[in-house]
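2 protein chains.
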Amino acid sequence: MTAIAIGKLAEIASTKVQTIRYYEEIGLIQPFSRTEGGHRLYGPEDASRLKFIRHSRELGFGIEEIRGLLDLSDHPETSCSAADAIARAQLEQVEIRLEKLKALRKELKRMVEECGHGRVSQCRVIEVLSDHRHCGGDH
Amino acid sequence: MTAIAIGKLAEIASTKVQTIRYYEEIGLIQPFSRTEGGHRLYGPEDASRLKFIRHSRELGFGIEEIRGLLDLSDHPETSCSAADAIARAQLEQVEIRLEKLKALRKELKRMVEECGHGRVSQCRVIEVLSDHRHCGGDH
DNA sequence: GATACAATCTACAGCCACTAGAGGTTCAAG
DNA sequence: CTTGAACCTCTAGTGGCTGTAGATTGTATC
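Protein sequence lines correspond, in order, to chains L and X.
To convert, note that position 1 of the first sequence is 1 in the numbering used here; the numbers rise steadily by one, no gaps.
To convert, note that position 132 of the second sequence is 132 in the numbering used here; the numbers rise steadily by one, no gaps.
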């Protein structure tokens, strides 16, 4: 028997036990069986599946996108282009987020650098936050 | 009378009406008065305050941080250093997010480039998502 | 003044992706 | 056989809003 309990699975995939139960609730992963007492039993392939989910989440994929990717990997005979499309869309989102964050960093840097270190009444931080026109960026 | 209704305020600050009511609920902003019928009435200074909140939110500050900044700007005689500290902490967070996103972009780019455009069974996207060891990054 | 209709009101449910807790049961080691 | 860690279900909470229902108010036009 290579069956593992939920705690072990959580450890392997660096997840919380609650998170696995949540994934089960929304239909992403199922234990292959239960003990007589009701404890969930998982196989090694469930560890892979869970790692897949976690890694995808870390990469910023949403649950529905992951569901799509899992469907694809469950049907290996289908075309790769769907998975490719999901990844490309994700890449696009990341590029956008990156640009926004860069503009943001610029603005924050300027705020911190220009802080007069005096009274709040002359504080650039407060002033800049009060008025969007101070932004160099276009967010 | 320069009093404005909530809808007008929302328009000025590019917010939703519901959001303003939510901010009132959590104590960030209050109408200076109400009509006999119960409609909220705001002054021009409320527009500034709301813009301050919205702009701060766009910059990634959390509600509690904004509450802190508002407290500061409500007490202009205090030192600027507290506002500076909040902004610095925020900048640090942004730098971290930026680095993570860059690593992520690298990984996604590689995924998309290596996609074999064949069957899912040979798809690099699925494969890479299945196994963290494929990552060049350190996320 | 009547009427129509937009804007506002309160109260509550829902979103995402978990996370935490209560209170009870089961499993495995000694 | 006992202990105590791990597990179970169920419910509620997080942050920061957003959406809906049904009632009321405000305002423009006739």
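Where a beta carbon is used, it is the ideal one built from N, C-alpha and C, also for glycine.
Determine, using beta carbons only, whether I6 of chain X and H39 of chain X come nearer to each other than 9 Å.
In the second sequence, residue 6 of chain X corresponds to position 6, counting from 1. In the second sequence, residue 39 of chain X corresponds to position 39, counting from 1. Yes, the Cβ-Cβ distance between I6 of chain X and H39 of chain X is below 9 Å.
Indicate whether at least one CB of chain X lies closer than 9 Å to the CB of R21 of chain L.
In the first sequence, the residue the question calls residue 21 of chain L occupies position 21. It does not: the Cβ of R21 of chain L has no partner Cβ on chain X nearer than 9 Å.
Checking contacts by CB at 9 Å: is G43 of chain L closer than that to chain X?
Counting from one through the first sequence, the residue named residue 43 of chain L turns up at place 43. It does not; no Cβ of chain X falls within 9 Å.
Consider the Cβ of A87 of chain L: report whether some Cβ of chain X lies at a distance smaller than 9 Å.
What you label residue 87 of chain L is simply residue 87 of the first sequence in a count that begins at 1. Yes - at least one Cβ of chain X is within 9 Å of the one on A87 of chain L.
Excluding the 5 residues flanking L59 of chain L on each side, which residues of the same chain have their C-beta closer than 8 Å to its C-beta?
Mapped onto the first sequence, residue 59 of chain L falls at position 59. Correct list, in chain order: Q90.
Straight-line CA distance for L104 of chain X to V94 of chain L?
The sequence position of residue 104 of chain X within the second sequence is 104, counting from 1. The sequence position of residue 94 of chain L within the first sequence is 94, counting from 1. Taking the straight line joining both Cα atoms gives about 8 Å.
Going along the segment 85-115 of chain X in order, which residues come within less than 8 Å of chain L, judged by CB to CB distance?
I86, A87, R88, Q90, L91, V94, E95, R97, L98, L101, K102, L104, R105, E107, L108, K109, M111, V112, C115
Go through its chain and collect everything with a Cβ distance to T152 of chain L's Cβ below 7 Å, but skip five positions before and after it.
Nothing can be reported for residue 152 of chain L: it is not among the residues displayed for chain L, which extend from 1 to 139.
Going by alpha carbons, who is nearest to I53 of chain L out of L:Y23, L:K102, L:S33?
For the purposes of this step, residue 53 of chain L is taken as the residue at position 53 of the first sequence. The shortest C-alpha separation from I53 of chain L is found at L:Y23.
Listing by chain order, which chain L residues have their CB less than 8 Å from the CB of G68 of chain X?
As a working note, residue 68 of chain X is residue 68 in the second sequence. The premise fails here: G68 of chain X is roughly 11 Å from chain L at the closest Cβ pair, so nothing lies under 8 Å.
Please identify, using Cβ separations under 9 Å, the residues of the segment 56-67 of chain X that lie next to chain L, in order along the chain.
S56, E58, L59, G60, F61, I66
Rounded straight-line distance, which links the Cα of E65 of chain X to that of K16 of chain X
Looking up residue 16 of chain X in the second sequence gives position 16. Looking up residue 65 of chain X in the second sequence gives position 65. In a straight line, the C-alpha of K16 of chain X is about 21 Å away from that of E65 of chain X.
If contacts are defined as beta-carbon pairs under 8 Å, then R49 of chain L and I29 of chain L qualify, I think. What distance do you get, rounded to the angstrom?
Looking up residue 49 of chain L in the first sequence gives position 49. Looking up residue 29 of chain L in the first sequence gives position 29. Indeed, because the Cβ distance is near 6 Å, the residues count as touching under 8 Å.
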